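Note that the protein sequences, when read in sequence, are chains A and B.
Numbering of the first sequence is given in this note's numbering, commencing with residue -14 and proceeding in unit increments.
Numbering of the second sequence is given in this note's numbering, commencing with residue 2 and proceeding in unit increments.
C-beta atoms are modelled at their ideal positions from N, C-alpha and C, and glycine is treated no differently.
Small disclaimer: the values here were computed from a predicted structure and weren't measured.
Okay, so here's the structure we're looking at.
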Amino acid sequence: QKEVEQNSGPLSVPEGAIASLNCTYSDRGSQSFFWYRQYSGKSPELIMSIYSNGDKEDGRFTAQLNKASQYVSLLIRDSQPSDSATYLCALRPFGNEKLTFGTGTRLTIIP
Amino acid sequence: DTEVTQTPKHLVMGMTNKKSLKCEQHMGHRAMYWYKQKAKKPPELMFVYSYEKLSINESVPSRFSPECPNSSLLNLHLHALQPEDSALYLCASSQERDPGFGGVGNYEQYFGPGTRLTVT
């Protein structure tokens, strides 16, 4: 089993709808969770971090963490064509400097 | 400001050349990282410097040599590379603030724009 699993997509969502991206992980010692957005040919951009169970909202983005079920998700409300990118889920175990990345989900927002 | 800068943006080098990639951050971050990313793959960790000391080397070939001259700068020296080393090389930094009593730590990693390396 991979340490971090993401559906590679592509995930197509109509403009204005909610895009839902999911990530499951196997290491119960994971402490910190991150979502990065990466446009083609560009570097990853941190859009959300979440450390505690529950929801964390920032503008149109909501991260949800459930440590008991070992999943973290990212919701994008009112999706825009500019949200079309690959979204990388990453996590970090306690006491470990290494980030473990999922393989990414390619999201396409359809105008 | 969460800016990490990298130079050069693009680099083409022959297999016998020696070149260096540079990375800089002025956020007071304690840790700096080098990643390699191939097309359609996630970033792959190469090295971690913590408090200017090398703390992680992910069994990277010796033709890649990292250097951390001070807390703001990170270099990656390249020598005798192979065509399969062509990739996007990313630098990142993080504050590494441990949580205080009842608090939350800060381990967010911020990436620079990357250097697109082509080995011919």
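Who are the neighbours of A:Phe19 on chain B, taking C-beta pairs under 9 angstroms?
Tyr108, Glu109, Gln110
Listed in chain order, which residues of the segment 42 to 60 of chain A have Cβ atoms closer than 9 angstroms to some Cβ of chain B?
none
Measuring only between beta-carbons, confirm whether B:Pro70 sits less than 9 angstroms from chain A.
no
Find out if the Cβ-Cβ distance for the pair B:Glu109, A:Phe19 is shorter than 9 angstroms.
Contact flag set, yes.
Name, in chain order, the residues that DSSP records as bridge partners for B:Tyr34.
DSSP output for B:Tyr34 lists B:Val49, B:Ala93 as bridge partner(s).
Note down, in chain order, every chain A residue with its Cβ under 8 angstroms from the Cβ of B:Ser51.
Glu82
Quick check on A:Ser58: does DSSP put it in helix, strand or coil?
strand
Going along chain A in order, which residues have a C-beta closer than 8 angstroms to the C-beta of B:Leu46?
Chain A residues near B:Leu46: Lys83, Leu84.
Count the CB pairs spanning the segment 52 to 62 of chain B and the segment 7 to 27 of chain B that are closer than 8 angstroms, and state whether there are at least three.
The answer is no - the segment 7 to 27 of chain B does not touch the segment 52 to 62 of chain B, with fewer than three Cβ pairs under 8 angstroms.
Count the CB pairs spanning the segment 19 to 30 of chain B and the segment 49 to 63 of chain A that are closer than 8 angstroms, and state whether there are at least three.
Result no; under three Cβ-Cβ pairs closer than 8 angstroms.
Roughly how many angstroms lie between the CA atoms of B:Ser95 and B:Met33, to the nearest whole one?
7 angstroms
Of the choices B:Ser66, B:Lys41, B:Ser87, whose alpha-carbon is the least far from that of B:His80?
B:Ser66
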